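Chemist: Below you'll find the structure I mean.
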Amino acid sequence: MLAEERRARLVAAMREAGIGHMVLYGNAWQGDYLRFGADFGILEGHGIALIAADGEVALFLDSATDAERAEIEAPQVKVHLAPDIARVVGARLDRVANAHIAAAPRRFLPRWLTDATRSFKLDDATAVVDRLLMHKSAGEIAAVRRAAQIADEAYVEFLRAVRPGRRQYEIVADIEAHLRRKGCPDNFMIIGSGGKDVFGMTPPSERRIAAGDLVTTELTPAVEGYFAQICRTLVVGKASEAQRRAFAVFVEALEAGIAAVRPGARAADVAKAENDVFRNYGLGEYTTSQWTRVRGHGMGMFADSKPHILEDVDTVLEPGMTLIVHPNTYHPDAGYIVLGDAIVVTEDGAEVLCKTPRQLFEVAA
Amino acid sequence: MRRGLIARSLVELPDAVFDARLDRVRAAMQTAQFDALVIYTNNTRPAGVSWLTGFVPYWSEAVLVVPRQGGPYLVAALSFRVKPWIERVSRVDDVLHTPRIGLKAAQQIAATRVDAAVGIVDFDGLPAGIAEDLREGGLQLTLHDASALFASLRTVADQAEIALASRAADIGLRALSAAQGNTLNDMIAGVEGEARQLGAEEIYIAAVPDLDRDTRFRRIEGEVALGKTFALRATVAYKGTWVRLVRSMCEAAIMREVSARFAQAVASLPSGRGFAGFRSWLVEGCRMAQPLDPLIGSRLGEGHPPLPGALVSVQAALAVDGQAVLLGAPALIGQPGAASSLIANLLYD
Chain A
239 MLAEERRARL VAAMREAGIG HMVLYGNAWQ GDYLRFGADF GILEGHGIAL IAADGEVALF
299 LDSATDAERA EIEAPQVKVH LAPDIARVVG ARLDRVANAH IAAAPRRFLP RWLTDATRSF
359 KLDDATAVVD RLLMHKSAGE IAAVRRAAQI ADEAYVEFLR AVRPGRRQYE IVADIEAHLR
419 RKGCPDNFMI IGSGGKDVFG MTPPSERRIA AGDLVTTELT PAVEGYFAQI CRTLVVGKAS
479 EAQRRAFAVF VEALEAGIAA VRPGARAADV AKAENDVFRN YGLGEYTTSQ WTRVRGHGMG
539 MFADSKPHIL EDVDTVLEPG MTLIVHPNTY HPDAGYIVLG DAIVVTEDGA EVLCKTPRQL
599 FEVAA
Chain B
12 MRRGLIARSL VELPDAVFDA RLDRVRAAMQ TAQFDALVIY TNNTRPAGVS WLTGFVPYWS
72 EAVLVVPRQG GPYLVAALSF RVKPWIERVS RVDDVLHTPR IGLKAAQQIA ATRVDAAVGI
132 VDFDGLPAGI AEDLREGGLQ LTLHDASALF ASLRTVADQA EIALASRAAD IGLRALSAAQ
192 GNTLNDMIAG VEGEARQLGA EEIYIAAVPD LDRDTRFRRI EGEVALGKTF ALRATVAYKG
252 TWVRLVRSMC EAAIMREVSA RFAQAVASLP SGRGFAGFRS WLVEGCRMAQ PLDPLIGSRL
312 GEGHPPLPGA LVSVQAALAV DGQAVLLGAP ALIGQPGAAS SLIANLLYD
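Chains A and B are the protein sequences, given in the same order. Residue numbering for the first sequence follows our numbering, starting at 239 and increasing by one per position. Residue numbering for the second sequence follows our numbering, starting at 12 and increasing by one per position.
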């Protein structure tokens, strides 16, 4: 049902933009545009969906294994196994070369398809689809809400999994197994552990958890292709006074960021509200790109979608957008700390989807 | 996005292995008169860059530049803060960070030689934005498709890669043996947890919940009822090397019989004649950057027959007394005159 609703919105947007055929590209990293139109969560190889003005979808995949999976997971679309995907799609587009054809995200398409010598021209419709991806319907928000609930539950599991002596990847293994047991097929997570020598989160390493560690994670499970994220930090053992004081800045910044979320506000306003808290404590340096990437971001069919919450991003927030606000950065007295909640922009502000307390958790040393 | 263990092992992938691979690549570049080779990577297409450096992007994208003279360097869209991690898990001379990786790579190459001849692996499949940036960053560079050059080197496995595939296969076997519980999700959780506890870089699990109804694999979301017989597939990555294994849950006697038939069919590869009588079959392997490209199979027509010495993963379906059975395991293609062989046991605990 969500898939049909999405496709109807896509076809309407195509009509409004005068687009006769839409070309959607996806791979396992950037799969949201493809999934929006074709309702298939790609894992391997390239995927290209051709959406006709009447809503008919042809899905081309160059992985034989994924093509078989698509036949059963996306039965409403016509699946084509196409090991030489660019040329097979190109042959299809040759037939409609006189129509207005557009692609999203065009920059990821195989170069061969965008070559000037082709009979067809592919305009860039990334912004058209971005708008659809950012503005969620009630059904899409419900899926993000369920994903946020799963993220909360997974963090409880994370608290159980972190014990001195365990390696980072063993902890992640526990979380992934927990999510599969709950029927959740996908997740994105990174982790960090240690002290002031840690400057961010990465995929898990062989490092063993030790007493006194700050352990950071962002958990991002998906429901029906919609991701929701939570960021939390814990201490192995009793938190020090310095760690507590540092964490309090992040709580204040998160609260300020969420308070700034309202229809008509810009992504930049949210980032500024978070960063101003750090500036007030003389920590403005730690809001720069040397120490942190973004102060939050959109969530939906991609774990890190638009808009990025940064002071130079002017995207205007509107009801129905789902975001994570996370003032994650380095604190010179404690190390790298993360804290973030998934939210949905409402008519008069923000609804917080994560229910996990905003506290510096402690687990047994 | 990748979330298993990503760590460099100097035992499994010592410097000498990367040096030997780079020497072969540079020799081919010399013959082709390429001044530099460019290989793109993201988490769907990591197998070219990881083969030369060990680098696997868990997120985002990068290009590796291999100059004909000098060490390889990475131009990554990952932020500067990730630089220490990249240097820890891979072997590159330098890492440059920029959102426009094509532009920066071209500028770097052109700084050494303004009209350099640049070979690009999978040039046709390169993301259009990066191809445009490569042209913009080096107006006098000449860009050439280096797919055939690279594939001729990448396709054949060396001893290090065979050892990694054997390790990945062992992880897959042990993980599929951990498929325990009352529900399909319990079993999938067992497989997932075991594979990751054993150090898998990634695992994708798919299931056929009821072999009497459908024999196509799918990813499971929510609760799904199990049939009398069913199958699980584990696609496992270990330090950049990918294998697929399939386990059907059916009578032990049937499994013994079909396993023997499967091994016999695999022995005939790269000819597919051994699979006559099977319902379907598929051989996948790495040609350039995708870890498991479709090579030959019942749905593929002419395809790309694997070369002697290539690592492949084979999946097949057959029926015994009306009972559908699915199998899958990695294999090594034999040298001319020698049989191909499985590198994993097909009989599970």
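Beta carbons: idealized from backbone N, C-alpha and C, even for Gly. These numbers come from a predicted model, not from an experiment.
If Lys239/B sits next to Asp225/B, beta carbons under 8 Å apart, how far is it from one beta carbon to the other, in whole angstroms?
Modeler: Going by Cβ atoms, the distance from Lys239/B to Asp225/B rounds to 14 Å, so no, they are not a contact pair.
Chemist: Going by the beta-carbon positions, is the gap between Val554/A and Ala509/A smaller than 9 Å?
Modeler: No. Outside cutoff.
Chemist: Between Met260/B, Gln208/B, Asp197/B, which lies nearest to Asp181/B when the distance is taken from Cα to Cα?
Modeler: Closest option to Asp181/B, Cα to Cα, is Gln208/B.
Chemist: Return the first residue and the last residue of the beta strand (DSSP E) that Asp424/A is part of.
Modeler: Note, Asp424/A: beta strand (DSSP E), 424–432.
Chemist: Run down chain B in chain order and give the residues with a C-beta less than 7 Å from the C-beta of Ala411/A.
Modeler: Residues of chain B passing the Cβ test: Gly204, Arg207, Gln208.
Chemist: Could you run through the region 72–97 of chain B and flag, in chain order, every residue whose CB is less than 8 Å away from some CB of chain A?
Modeler: Here the close residues are Glu72, Ser90, Phe91, Arg92, Val93, Pro95, Trp96.
Chemist: Comparing the C-beta of Cys422/A with each C-beta of chain B, is any distance below 9 Å?
Modeler: Yes, Cys422/A counts as interfacial toward chain B.
Chemist: Along the region 443–454 of chain A, what residues have a CB closer than 7 Å to any CB found in chain B?
Modeler: Result list: Ser443, Glu444.
Chemist: What is the rounded straight-line gap between the Cα of Val382/A and the Cα of Ser352/B?
Modeler: Approximately 47 Å, taken between the alpha carbons.
Chemist: Let's see if you can read the secondary structure: which residues bound the alpha helix (DSSP H) around Gln119/B?
Modeler: 112–123 is the extent of the alpha helix (DSSP H) around Gln119/B.
Chemist: Leaving aside the five residues before and after Asp424/A along the sequence, list all residues of the same chain whose C-beta is less than 6 Å from its C-beta, in chain order.
Modeler: Only Ala460 meet the Cβ criterion.
Chemist: Spell out a yes or no on whether the region 425–439 of chain A and the region 349–363 of chain A are touching, meaning 3 or more CB-CB pairs, one atom from each, closer than 8 Å.
Modeler: The answer is no - the region 349–363 of chain A does not touch the region 425–439 of chain A, with fewer than three Cβ pairs under 8 Å.
Chemist: Can you grab the Cα-Cα spacing for the pair Leu318/B / Gly308/B, in whole Å?
Modeler: So the alpha carbons of these two residues sit roughly 15 Å apart.
Chemist: Looking at C-alpha atoms only, which residue of Glu444/A, Val295/A, Arg325/A is the closest neighbour of Gln314/A?
Modeler: Comparing Cα-Cα distances from Gln314/A to each of Glu444/A, Val295/A, Arg325/A, the minimum goes to Val295/A.
Chemist: On the DSSP bridge assignment, give the partners of Val410/A in chain order.
Modeler: Answer is none; Val410/A lacks a bridge partner.
Chemist: Considering only C-alpha positions, which residue in the set Gly538/A, Glu490/A, Ile562/A is nearest to Tyr519/A?
Modeler: Of the listed residues, the one whose Cα sits closest to Tyr519/A is Glu490/A.
Chemist: Comparing the C-beta of Gln301/B with each C-beta of chain A, is any distance below 9 Å?
Modeler: At least one chain A Cβ lies under 9 Å of Gln301/B.
Chemist: Do Leu237/B and Ala157/B have their beta-carbon atoms positioned less than 9 Å apart in this structure?
Modeler: No, they are not a contact pair.
Chemist: Give the single residue among Gly251/B, Ala330/B, His315/B, Val269/B whose Cα lies nearest to the Cα of Val391/B.
Modeler: Shown here, chain B extends from 12 to 360; a query on residue 391/B therefore has no answer.
Chemist: I'd like to know whether the C-beta atoms of Gln578/A and Gly432/A end up nearer to each other than 9 Å.
Modeler: In the sequence as presented, Gln is not what sits at residue 578/A; that position holds Gly. No. Outside cutoff.
Chemist: Using beta carbons (cut-off 9 Å, strictly below), is Leu160/B in contact with chain A?
Modeler: Cβ-Cβ to chain A under 9 Å: no for Leu160/B.
Chemist: Examine the Cβ distances between the region 411–421 of chain A and the region 533–540 of chain A and report whether three or more of them are shorter than 8 Å.
Modeler: Because the criterion of three Cβ pairs below 8 Å is not met, the region 411–421 of chain A and the region 533–540 of chain A do not touch.
Chemist: Buried or exposed for Thr355/A, going by 16 or more other Cβ atoms inside 10 Å?
Modeler: Result: exposed.
Chemist: Hey, quick one: how far does the alpha helix (DSSP H) through Arg245/A stretch, first residue to last?
Modeler: Element bounds for Arg245/A: 240–255.
Chemist: Please report the residue range of the beta strand (DSSP E) in which Asp362/A lies.
Modeler: Per DSSP, Asp362/A belongs to the beta strand (DSSP E) from 360–362.
Chemist: Mind checking Arg245/A: buried by the 16 CB within 10 Å criterion, or exposed?
Modeler: Looking at its Cβ environment, which holds 16 or more other Cβ atoms inside 10 Å, Arg245/A is buried.
Chemist: Going by DSSP, what residue range makes up the alpha helix (DSSP H) through Gly145/B?
Modeler: According to the sequence as given, residue 145/B is Leu; it is not Gly. Taken as a continuous stretch (DSSP letters only), the alpha helix (DSSP H) holding Leu145/B covers 139–148.
Chemist: Can you list, in chain order, the residues of its chain with a C-beta nearer than 6 Å to that of Pro316/B? Leave out the 5 residues immediately preceding and following it.
Modeler: The answer, listed in chain order, is Pro281, Ile307.
Chemist: So, Ser279/B versus Leu357/B, is the Cβ gap smaller than 9 Å?
Modeler: Contact: no.
Chemist: By the 8 Å beta-carbon criterion, what residues does the region 327–359 of chain A contribute toward chain B?
Modeler: Here the close residues are Arg344, Arg345, Phe346, Leu347, Pro348, Arg349, Trp350, Leu351, Thr352.
Chemist: DSSP three-state call for Asn193/B: helix, strand or coil?
Modeler: In the structure shown, Asn193/B sits in coil (DSSP, three-state: anything other than H, G, I, E or B).
Chemist: Between which two residues does the beta strand (DSSP E) harbouring Leu397/A extend?
Modeler: From DSSP, Leu397/A is part of no beta strand (DSSP E) but of the alpha helix (DSSP H) over 376–399.
Chemist: Check this for me: beta carbons of Thr42/B and Pro78/B, under 9 Å apart or not?
Modeler: The answer is no: Cβ separation not under 9 Å.
Chemist: Only counting the same chain, and skipping five residues up and downstream in sequence, which positions put a Cβ closer than 8 Å to that of Glu309/A?
Modeler: Counting only Cβ-Cβ distances below 8 Å, and skipping sequence neighbours, we find Val317.
Chemist: Going by the beta-carbon positions, is the gap between Asn196/B and Val167/B smaller than 9 Å?
Modeler: Contact flag unset, no.
Chemist: When you compare each of Tyr524/A, Glu549/A, Glu523/A, Gln528/A to His535/A by their alpha carbons, which one comes out closest?
Modeler: Checked all of Tyr524/A, Glu549/A, Glu523/A, Gln528/A; the closest Cα to His535/A is Glu549/A.
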